[in-house]
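**Student:** Following my numbering, the numbering of the sequence shown begins with 22 at its first residue and continues without gaps.
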Amino acid sequence: MQDRALRVLMVGGDQQSYDLVSNRLDSLHSPLSRILWCNDHQQALGLIDISAYDVVLVDGQQQFDGACQWVEDARSVGYQSPLIILTLDHNSVLGQRALEAGANDFIATRDLQSYMWVRSIHYVIDRYEAEQKLIQLNYFDSLTGIPNRQQFLENLERAVARAEEKQSSLALLVINLDGFKQFNENYGLAVGDELVTTMAERLNQCLRKSDSIARIGGDEFTLILDDSNSAADVELVSTKVAEVLSKPIILDGYPKTISCSIGVAIYPDDGDTLDGLIKSANVALLKAKATAGSQVVFYGEEVDQPGVSDSQYEAEMRRALRDGEFELHYQPRVSLVTGKTVGMESLIRWRHPERGLVMPEQFIGLAEKTGLIIPMGYWIIEQACSDLKGFDAKGCDPFHISVNLSFEQMQDPLFVVTATQLIQQSGIDPTRLEFELTETAVIADFEQTVESMKTLGELGVSFSLDDFGTGFSSFSHIQQLPISALKVDRSFINSVTRGEEDAIIVKSMIDLAHSLQLQIIAEGVETVDQAHFLWQNDCDQVQGYFFSPALTAKDFSAMAREQMAVV
Ligand code: C2E
Ligand code: CA
Ligand code: CA
C-alpha cells in the first residue's frame, strides 16, 4: 500500500470505541491516519457514496445485526472497497456472518490492544488493491484502458439479459479500422498504437451513460447501445461514430486519415442469443469491409455493387490472373523444439508490370468482394501443390505447406469437390497440406464451414485457425472445430515482451491449445526477445521476420537446402 495517511471511516459505535480506534490508529500508523466517525447508518451510506476511504470499520460490538445490515446495504448500492466489522470478541460464528454480509474481515475489539489488528487492516487493504489490479488486468485493455474482450462479453451478456427482461432491444456495433495492417507497416507499431489509443478516446466521447465500448482485437472495437428502441437512433449513432473516427489525426507531426467499417446487429431481430448476435454483427462487418465507401452496414442490409474504379481494377486482376502475373511466396515456419524449418505458409503477390510487387492487402479485399478470389483461390491451391513438388525435387525436407483460405472461397458450392480434385491431380500427399482459416471466416457460417472442413479432412488435409485472438470464437466453438493448430495473431506477439497483459493472454492461448491437443504457432515474431518468450512458454512453432520474411519459391528452396547443409 502507498505510504500516505490512511483514510478510515468508522460507522456506528460509541465515543469510547471511537476513542479506542482512533488512539490505536494514531499510535500505530505512520503517517497519521485520518479517521471520520459517523454513527448514523443512513448518513454513513451517503458518505461512502461521495468520498473514497481505504477502509470502513463498522462497529458491531453492541449491535452486530445492525452492523451486518449496514454492510449488506453498502454492498447493495455498489460499494466495493474494504469493509471490516468490529466484534466484541473472537467468535467464529459471528465472523462467518460478517463475511456472508459482505465484509472483508472482522476484528475483535479485544485485539485492538495488539498490533495484530493494524496488520489485519493492512492485509485487507493490500488484498483489495491486488484484486483491483487483477481486475484491471483481466477486464481492461492495457494500451487504451478501455474494457477488453472479456469484459465486452460479460457486458453484452448482461445487456441481453436486461433487454430480455424489459422486452426492449439493443444494438451491437463492431467497428474495424480500414487498412490498419498496412498503416502499421507504413508508420511502425508505435504510431499504430497511438492511432488505436486516439480512436478509443474518440469512441469514448460518443458514448451515452448506458452505452459500453471495448477493444476486442488489434484494430477492432465494439459498442453496445443499450435500450435502443428506434433503428433511426442506432443509425444516427453509427454514422456519428464513423464520422468521428474518420476525422484526420495528427500522428508523428503529420495529419493522417483512416476510415473505419462498422457492422451493426440488433437484438433480438438479428440474433436472440449472445453468439447469434455477435455472428450477425460480424457478418454485417464483413459486408461493410468488402464494400468500398460503405462505412456502416446493418445486418441483412443489401449493399450496392462496386463502383466503376473497382470494376476496372477487377478487370485488370482477371487479366493478370490469365497472364500469370500472380506468384506465391513462402514464409518458413520454424519449430521451437528443433530450431528447424518444418513448413511454410504460401502468401500471394502480384508482380505488376508497372507497379512492381503488389502486396495482398491491396487486392485480396477486392478479389473477395467481387468473387474473383474463387478462381484465384483455385490457382493458389494448384500452384502451392506444384511448388511443393518442386521443393521435393530439389531435395528439400518433406515440408508441410499451408495455404490461406478466404471466407468467400468456402462459400463456393463447388469448393470441396474442386479443391479435392486439384489436390489429387497434383499427386502430393494431402497430409502435407494445411488450410488456414480465420476465426471470423469460420464463425460467419459455422455449420457449413465445419462440414466442408470435415470432408476435406477425410482426404488427409489439415486446418488451422488463423489470426487467433482477433475474432469471436468461444471455447466451445474451438472445441468443435476439426483443426490441428491455432495461429496466434501477430498483434499479440508484437507486444508480448512489452505488456504484461498480452504476455498473460499469449500464455493462456498456449495452454488452451495444448489442453485441446492442438499445435500453437506464433506469427509476426520479429525480435529475439519475442522468440525467447515463446520458447520459454512452450509455443510449438514460430513464423516472422526474425526468422525470415516470405521468399520467392526459388529463394525458399535455396534457403532450405542451405539450412540442411548446416545441420
Ligand atoms: P496472414 O494470413 O495473417 O499472413 C501473414 C502476414 O503477415 C503476411 O502478410 C506476412 O508477410 C506478414 N508477416 C509475416 N511475418 C511478419 C512479421 O514478423 N512482422 C510483420 N509485421 N508481418 C509479418 P501478407 O503477405 O501481406 O498477407 C496479408 C494477408 O493477405 C494475409 O494475412 C492473408 O489474410 C491474405 N493473403 C495472403 N495470401 C493469401 C492467399 O494466398 N489467399 C488468401 N485467401 N489470402 C491471402
Ligand atoms: Ca495466414
Ligand atoms: Ca494470420
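From the three backbone atoms N, C-alpha and C, an ideal C-beta is built for every residue, glycine too. The model shown is predicted, which means the values in this text are computed figures rather than measured ones.
Taking 7 Å as the cut-off, decide whether the C-beta atoms of residue 33 and residue 60 are in contact.
**Tutor:** Sequence index remark: in the sequence shown, residue 33 carries index 12 (1-based). Sequence index remark: in the sequence shown, residue 60 carries index 39 (1-based). Yes. Within cutoff.
**Student:** Just to confirm, does residue 487 get its C-beta within under 6 Å of one of the non-hydrogen atoms of ligand 3?
**Tutor:** Against the sequence shown, residue 487 aligns to sequence position 466. The answer is yes for residue 487.
**Student:** Determine the burial state of residue 31: buried for a count of at least 16 other Cβ atoms within 10 Å of its Cβ, exposed for fewer.
**Tutor:** Counting from 1 along the sequence shown, the entry for residue 31 is found at position 10. Residue 31 should be labelled buried.
**Student:** Tell me the residue span of the beta strand (DSSP E) that contains residue 372.
**Tutor:** For this step, residue 372 is matched to residue 351 along the sequence shown. It spans 362 to 373 - the beta strand (DSSP E) in which residue 372 sits, taken as one unbroken run.
**Student:** With distances taken Cα to Cα, identify the nearest neighbour of residue 394 among 414, 362, 338.
**Tutor:** For the purposes of this step, residue 394 is identified with residue 373 of the sequence shown, where counting begins at 1. Minimum Cα distance to residue 394 is reached at 338.
**Student:** Between residue 319 and the rest of its own chain, which residues show a CB-CB distance below 7 Å, the 5 nearest in sequence each way excluded?
**Tutor:** Counted from its first residue, the sequence shown places residue 319 at position 298. Counting only Cβ-Cβ distances below 7 Å, and skipping sequence neighbours, we find 285, 305.
**Student:** For residue 260, name the three-state secondary structure that DSSP assigns.
**Tutor:** As a first step, residue 260 must be located in the sequence shown, where it is residue number 239. Residue state, collapsed to three classes: helix.
**Student:** Does ligand 1 have a heavy atom nearer than 6 Å to the CB of residue 569?
**Tutor:** As a working note, residue 569 is residue 548 in the sequence shown. No, the Cβ of residue 569 stays beyond 6 Å of every heavy atom of ligand 1.
**Student:** Is the region 149 to 158 touching the region 207 to 220 in the sense that three or more CB pairs, one from each, lie closer than 8 Å?
**Tutor:** The region 207 to 220 is not in contact with the region 149 to 158.
**Student:** Any heavy atom of ligand 3 within a distance shorter than 6 Å of the CB on residue 544?
**Tutor:** As a first step, residue 544 must be located in the sequence shown, where it is residue number 523. Yes, the beta carbon of residue 544 sits closer than 6 Å to at least one heavy atom of ligand 3.
**Student:** On a Cα-Cα basis, can you pick out the residue from 219, 531, 240, 192 that is closest to residue 257?
**Tutor:** As a working mapping, residue 257 is identified with position 236 in the sequence shown. Selected option, being the one with the closest Cα: 192.
**Student:** For residue 149 and residue 102, what's the separation of their Cα atoms in angstroms?
**Tutor:** Within the sequence shown, numbered from 1, the residue matching residue 149 stands at position 128. Within the sequence shown, numbered from 1, the residue matching residue 102 stands at position 81. Residue 149 and residue 102: Cα-Cα distance of roughly 7 Å.
**Student:** Would a C-beta distance cut-off of 7 Å place residue 422 and residue 435 closer than the cut-off?
**Tutor:** By 1-based counting over the sequence shown, the position of residue 422 is 401. By 1-based counting over the sequence shown, the position of residue 435 is 414. Their beta carbons are not under 7 Å apart, which means residue 422 does not touch residue 435 by this criterion.
**Student:** Got a sec, what are the start and stop residues for the beta strand (DSSP E) residue 31 sits in?
**Tutor:** Taking the sequence shown and counting its residues from 1, the one referred to as residue 31 is at position 10. Residue 31 -> beta strand (DSSP E) spans 28 to 32.
**Student:** Going straight from the alpha carbon of residue 303 to that of residue 248, what length do you get?
**Tutor:** For the purposes of this step, residue 303 is taken as the residue at position 282 of the sequence shown. For the purposes of this step, residue 248 is taken as the residue at position 227 of the sequence shown. Roughly 21 Å between the two C-alpha positions.
**Student:** What residue does the alpha helix (DSSP H) around residue 406 start on, and which one ends it?
**Tutor:** For the purposes of this step, residue 406 is taken as residue 385 along the sequence shown, with counting starting at 1. Residues 394 to 414.
**Student:** Hey, how far is the Cα of residue 431 from the Cα of residue 553?
**Tutor:** Within the sequence shown, numbered from 1, the residue matching residue 431 stands at position 410. Within the sequence shown, numbered from 1, the residue matching residue 553 stands at position 532. So the alpha carbons of these two residues sit roughly 36 Å apart.
**Student:** For residue 457, count neighbouring C-beta atoms within 10 Å of its own C-beta (all shown protein chains included) and say buried if the count is 16 or more, exposed if not.
**Tutor:** For the purposes of this step, residue 457 is taken as residue 436 along the sequence shown, with counting starting at 1. Answer is buried; the Cβ neighbour count reaches 16.
**Student:** For the region 513 to 528 against the region 340 to 352, do three or more pairs of beta-carbon atoms, one drawn from each stretch, fall closer than 8 Å, so that the two count as touching?
**Tutor:** Because the criterion of three Cβ pairs below 8 Å is not met, the region 513 to 528 and the region 340 to 352 do not touch.
**Student:** Please specify which runs of the alpha helix (DSSP H), each continuous and at least 4 residues long, are wholly inside the region 183 to 245, giving them in chain order.
**Tutor:** You should have 201 to 208, 210 to 226.
**Student:** Give me the residue from 380, 112, 104, 158 with the minimum Cα distance to residue 144.
**Tutor:** Position 123 of the sequence shown, counting from 1, holds the residue named residue 144. Ranking the options by Cα distance to residue 144, first place goes to 104.
**Student:** Taking C-alpha atoms, which residue in 559, 560, 505 lies nearest to residue 538?
**Tutor:** The residue you call residue 538 lines up with position 517 of the sequence shown. Of 559, 560, 505, the residue nearest in Cα terms is 505.
**Student:** Do residue 451 and residue 480 have their C-beta atoms within less than 7 Å of each other?
**Tutor:** Position 430 of the sequence shown, counted from the first residue, corresponds to residue 451. Position 459 of the sequence shown, counted from the first residue, corresponds to residue 480. Yes, these two residues count as a Cβ contact at 7 Å.
**Student:** Quickly, what does DSSP pair residue 470 with across the bridge? List them, please.
**Tutor:** Locating residue 470 in the sequence shown gives position 449, where the first residue counts as 1. The partner list for residue 470 (beta bridge, DSSP) is empty, contrary to what the question assumes.
**Student:** So does residue 457 have its beta carbon nearer than 6 Å to some heavy atom of ligand 2?
**Tutor:** Position 436 of the sequence shown, counted from the first residue, corresponds to residue 457. Answer for residue 457: yes, Cβ within range of ligand 2.
**Student:** Within 10 Å of its beta-carbon, does residue 414 have 16 or more other beta-carbons around it, so buried, or fewer, so exposed?
**Tutor:** Counting from one through the sequence shown, the residue named residue 414 turns up at place 393. When all chains shown are included, residue 414 counts as exposed.
**Student:** For residue 440, which residues of its own chain have a beta-carbon under 7 Å away from its beta-carbon, when the five flanking residues on both sides are left out?
**Tutor:** Against the sequence shown, residue 440 aligns to sequence position 419. Excluding residues within five positions, the ones whose Cβ falls inside 7 Å are 402, 477.
**Student:** Go ahead and pull the three-state DSSP assignment for residue 15.
**Tutor:** Nothing about residue 15 can be reported from this structure: the residues present for the chain run from 22 to 588 only.
**Student:** Would you call the region 500 to 514 in contact with the region 538 to 549, where contact means no fewer than 3 C-beta pairs closer than 8 Å?
**Tutor:** The region 500 to 514 vs the region 538 to 549: in contact.
**Student:** Mapping DSSP to helix, strand and coil, what is residue 300?
**Tutor:** Translated into positions along the sequence shown, residue 300 becomes position 279. In the structure shown, residue 300 sits in a helix (DSSP, three-state: H, G or I).
**Student:** Just verifying my parser: in three-state terms, what is the DSSP assignment at residue 459?
**Tutor:** Here residue 459 refers to the residue found at position 438 when the sequence shown is read from its first residue. Looking at residue 459 - three-state DSSP - the assignment turns out to be strand.
**Student:** Following the continuous beta strand (DSSP E) through residue 111, name the residue where it begins and the one where it ends.
**Tutor:** For this step, residue 111 is matched to residue 90 along the sequence shown. That residue, residue 111, is in no beta strand (DSSP E); it is neither H nor E in DSSP.
**Student:** Under the rule that 16 or more other beta-carbon atoms within 10 Å means buried, what is residue 566, buried or exposed?
**Tutor:** For the purposes of this step, residue 566 is taken as the residue at position 545 of the sequence shown. By the 10 Å Cβ count, residue 566 comes out exposed.
**Student:** Please classify residue 164 as buried or exposed, where buried requires at least 16 neighbouring CB atoms within 10 angstroms.
**Tutor:** Stepping through the sequence shown from its first residue, residue 164 is reached at position 143. Residue 164 should be labelled buried.
**Student:** If you run the structure through DSSP and keep just helix, strand and coil, what is residue 332?
**Tutor:** By 1-based counting over the sequence shown, the position of residue 332 is 311. Of the three classes helix, strand and coil, the one that applies to residue 332 here is helix, per DSSP.
**Student:** Going by DSSP, what residues sit across from residue 83 in a beta bridge?
**Tutor:** The residue given as residue 83 occupies position 62 in the sequence shown. Per DSSP, none; premise fails for residue 83.
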